[in-house]
Amino acid sequence: MTEPIQKTWPEIVRLVLGRYDEKLLREVVQRFLRPRNQWPVEELIERCVEAFDNTVLINRRLKELDESRRTLLAALAQSGQYKWKLGQLIEIGMCMGQEDGLSAVFDLLNQGFLLPDVVKLEQKDRLPKPCKNPYIKSFEQWIGFPGPEGLAIFLPPPISQRSIAFSLSLPQKYEPLEGAEILQPDPLAPVLQADGMEFPLRMSVLLQMVHKDPLRKNQQGGFFKRDLENLRANSMLSADPSDRLIEVPDLGVLLTEIGLKLGILIPKESELHPGAYPSSWDGGLHAVLAEIWAALPAIDSWNPCTGLNDNPEDRSNPFNSACLVAVLALGNLPANQWVDPELLESWVIDHHPYWKDRESIRPSRLKGWLVKFLLGVAFQIRMIQATKLRGGKYLVRLSPVGRSILGLQKENDLQDVIAKTLLVQPNLEVLAFRQGLSPALARDLTNLATLKSIGPACQLLLEPESVYFALETGLRYEDICGLLERHGTRPTPQAVLDAIKTWSNKHERITIYASATLLEFPTPKDLENALSRGLPALKISDRFAVAASEEGIDFSQYRLTATRDYGLMPEKCVQVENDGVTLVVDISKSDLLLETELPRFADFVEDASSQQRRVYQLSPETLKKADQLGFTPTVLDDWFQQRLGHPLTPAIQLILGAKSDAVPPKVENMLVVHLENELIADGIMQWPETSQWIHSRLGPCALSVTSESLEKLRKALAHAGHKLVEFNSPQS
Amino acid sequence: MLIVSNKTSAARIPVKLHRRVCLVLTEDSPLAEEILARKKLASDISGRLTNEVLLVRTGRLESVVAELQRMGHTPQVLQR
Chain A
1 MTEPIQKTWP EIVRLVLGRY DEKLLREVVQ RFLRPRNQWP VEELIERCVE
51 AFDNTVLINR RLKELDESRR TLLAALAQSG QYKWKLGQLI EIGMCMGQED
101 GLSAVFDLLN QGFLLPDVVK LEQKDRLPKP CKNPYIKSFE QWIGFPGPEG
151 LAIFLPPPIS QRSIAFSLSL PQKYEPLEGA EILQPDPLAP VLQADGMEFP
201 LRMSVLLQMV HKDPLRKNQQ GGFFKRDLEN LRANSMLSAD PSDRLIEVPD
251 LGVLLTEIGL KLGILIPKES ELHPGAYPSS WDGGLHAVLA EIWAALPAID
301 SWNPCTGLND NPEDRSNPFN SACLVAVLAL GNLPANQWVD PELLESWVID
351 HHPYWKDRES IRPSRLKGWL VKFLLGVAFQ IRMIQATKLR GGKYLVRLSP
401 VGRSILGLQK ENDLQDVIAK TLLVQPNLEV LAFRQGLSPA LARDLTNLAT
451 LKSIGPACQL LLEPESVYFA LETGLRYEDI CGLLERHGTR PTPQAVLDAI
501 KTWSNKHERI TIYASATLLE FPTPKDLENA LSRGLPALKI SDRFAVAASE
551 EGIDFSQYRL TATRDYGLMP EKCVQVENDG VTLVVDISKS DLLLETELPR
601 FADFVEDASS QQRRVYQLSP ETLKKADQLG FTPTVLDDWF QQRLGHPLTP
651 AIQLILGAKS DAVPPKVENM LVVHLENELI ADGIMQWPET SQWIHSRLGP
701 CALSVTSESL EKLRKALAHA GHKLVEFNSP QS
Chain B
733 MLIVSNKTSA ARIPVKLHRR VCLVLTEDSP LAEEILARKK LASDISGRLT
783 NEVLLVRTGR LESVVAELQR MGHTPQVLQR
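Chains as they are written, first to last, in this note's numbering: chain A, 1 to 732; chain B, 733 to 812.
Below you can see the structure in the form of structure tokens.
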């Protein structure tokens, strides 16, 4: 999450400033940039974006700010979070001693240090287009229309980086009430500190769980009851860590929310699907912990007091800002000073606006929440160190990692992990010793093997499905073996290598393209030509190549003759020529199914085909072959109706009718009587004296008669006054 | 100096695109036959493009994958 923002912030700033009305933009830029010339709006925005990278200018402007404003910026910077709800900023500001938190936010907005998040930072992968009609005329107007999602503020990363070192107006000491005992740490008690791997490992559990069954959400945004039960019942996800100091309510829900913020889970419609590990997983444990810390203030549906907050009518979460202020307060103390978390909680409650009217707040929300957050969450992400007192109570202080994440010091006590930490056993079990695990190794291992237990030694199991999953992420057999060898304390057993090899080979036998692009070339030569020019596709026949995606295809090299969506219904795209057996396919309308069907009952005629039309011809041989393949006359007739819009042609019916059981055509000698007009022919056919000698009517003016009946017909016609003239054609 | 232009190699190659195609690519022809012989799968296959390539009916991807897995295969599914 952090890294993309570091890359995309200039575009976000550009888009936000582009939504400012010109008057407002000039006012803000005047305070921030102080330009000497009157620049056009577009140039003003560009200069403003560039100015955020100007360290000298930013430092100068920050110096000019009121101390209370600088304090607020420093608090936001130490949180690592770039997007804030307006309410949270006000709460943090008031905790820092400001009477009215809103005026500080207004000031910072007007001076360009904060920006309204009008482009939705969560959707930074698909940022909106520049705005043609700027609609933010003033920040007062913007605040007046919060919309269903509420108002959010964006802190540009350069401002955050320059503000992190400012001191916070927080106490240097937390005194108990008069008469109460001052708790002192036991010098002999050990300093307790988690290794920080618990949350990254549980993220892997969550991902494996969601891979099997996506988590479903209801219309109110809460979890389905069954999924919530699964989250709570999952022994690896929600159970207490082995080094737990206190129980954390709904730990599984908290991890799900963190996973969502980090992009490890992706919401799709009303389900949560597996996403990808953020790039920080390759950056070491410190980067991962910093990212988890930065995600915490953005979590709405979990709090340390009640766990899951599934009340759709109460989405307010004052605990986010309260917990943040508490950790910042710890950072404001000397490095080795222990604090009673209950004293710290009392101080936050005294200063946070949510607890101002204590009588209206449920007693359960008044006490104990900070202890759960500090000892349950902050401790597990290594922000906090703890020491136990004799009575069972704990004192806390910020750890070196915590101080480093807050930007209070550069060095931390994270050490390089031991690379050789795996024990691969012949029964396909893998033991991963915790002290050697890094987030990247945990990610790679859980991509390859199913996590069975989390503890000082994590137990994983290599299974066909888990290995297939690893192969699908792009790993090859060699990569898997390399990973096990590189981190294994002993050579990988041969039985394990053989099993992985078998699964890998099996996996490569069938490839399914879920939504591929198929490139159809008119001739095999064209396909060869395209491949020689570097077409990133796999040749699957002499004219077809398949590509999993169109990315990387240089379309400037190709002339698209047609584009066809596979999901569309088949169209009428074939015409028959006058001979009744030649079919011409219109390439611009034809689909792939046609390509699979036509060769089954017709031969391709290459000479008559071109780029725009493909010609096929039916023959008795092709139709006989089609019949054997299941293309019966009825099926063929249906195909003609669908593809040509009419039934089989007489020529094809003639060929199909020539079967052994069909009545054979007869040949017989016949005489033809040609008549002057149709009326005479009709008369001959109607009058019984003549009609009895007629064999058949050949046409409007032609009748056939057998040689035996000719004389009888002649007499009957003579009886009616007509004379039959005999015409002998010359013999050839 | 005589300049001979090679128009053939520089010309754009005509091609027809079929988008959003769902297909199964098998290692060999007998494997494709085996798939086609399976009743449940045959109804989800709309055509055989080549000896090794089978076209899957739109929207039937998941049932094809599930049936192949039931047959003991482990297909690799390439998403876009």
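Glycine included, C-beta positions come from ideal geometry on N, C-alpha and C. Please read all numbers here as calculations on a predicted model, not as lab measurements.
Do you know how far the Cα of residue j is from the Cα of residue i?
i	j	result
A/A457	A/V371	28 Å
A/Q208	A/T446	8 Å
A/P35	A/G263	40 Å
A/S541	B/T782	7 Å
A/V424	A/I500	13 Å
A/L151	A/K85	6 Å
B/K771	A/V496	36 Å
A/Y277	A/P4	13 Å
A/L733	A/D526	For chain A, the structure presents residues 1 to 732; residue 733 of chain A sits outside this window and is missing.
A/K539	A/E571	27 Å
A/V29	A/V105	17 Å
A/K723	A/S696	20 Å
A/L437	A/V191	22 Å
A/W71	A/L168	Note that residue 71 of chain A is Thr in the sequence shown here, rather than Trp. Straight-line Cα distance between these residues: approximately 5 Å.
A/S404	A/I384	12 Å
B/S737	B/A743	Because the pLDDT at B/S737 is just 41, under 50, the model does not fix this residue reliably, and the point stays unresolved.
A/H352	A/G93	9 Å
If you measure from the beta carbon of residue i to each beta carbon in chain B, is any gap under 8 Å?
i	result
A/Y468	yes
A/W503	yes
A/A626	no
A/S204	no
A/R643	no
A/S515	yes
A/V584	no
A/D526	yes
A/L68	Correcting the residue identity first, residue 68 of chain A is Ser in this sequence and not Leu. No, its Cβ sits nowhere closer than 8 Å to a Cβ of chain B.
A/E472	yes
A/D565	yes
Distance cutoff 8 Å, beta carbons only. Does residue i sit that close to anything in chain A?
i	result
B/E759	yes
B/L755	yes
B/P762	no
B/R751	yes
B/L839	Here chain B has residues from 733 to 812 only, and residue 839 of chain B is not among them.
B/L768	no
B/K772	no
B/R744	yes
B/S795	no
B/S778	yes
Less than 8 Å separating the beta-carbons of residue i and residue j?
i	j	result
A/P241	A/T387	no
A/Q617	A/D627	no
A/L771	A/T473	Outside the shown range of chain A, which is 1 to 732, sits residue 771 of chain A, and nothing can be said about it.
A/A294	A/Q81	yes
A/V41	A/V13	no
A/G275	A/L265	yes
B/L810	B/V785	no
A/W693	A/L713	yes
A/D195	A/R486	no
A/T596	B/L787	yes
A/R232	A/D213	no
A/S399	A/Q193	yes
A/A74	A/S204	no
A/A530	A/F521	yes
A/A298	A/K356	no
A/W281	A/A440	yes
Measure how close the beta-carbons of residue i and residue j come, nearest whole angstrom, since I'm counting them as under 8 Å.
i	j	result
A/L255	A/R202	5 Å
A/P116	A/I136	7 Å
B/H805	A/R509	7 Å
A/T690	A/A716	5 Å
A/A547	A/T523	With a Cβ gap of about 19 Å, A/A547 and A/T523 do not count as contacting.
Query raised in the report: Using 8 Å as the Cβ pair cut-off and three pairs as the minimum, do the region 135-153 of chain A and the region 287-304 of chain A touch?
Result: With the rule of 3 Cβ pairs closer than 8 Å, the region 135-153 of chain A does not count as touching the region 287-304 of chain A.
Query raised in the report: Touching or not, the region 327-345 of chain A and the region 365-379 of chain A, by the rule of three or more beta carbon pairs under 8 Å?
Result: With contact defined as three or more Cβ pairs closer than 8 Å, the region 327-345 of chain A and the region 365-379 of chain A are in contact.
**Report entry** the region 573-586 of chain A in contact with the region 604-613 of chain A per 3-pair CB rule at 8 Å
**Finding:** Output reads yes: the region 604-613 of chain A touches the region 573-586 of chain A.
Requested in this report: Evaluate the contact criterion for the region 243-251 of chain A versus the region 215-226 of chain A: three or more CB pairs, one atom per stretch, below 8 Å.
Outcome: No, the region 243-251 of chain A does not touch the region 215-226 of chain A.
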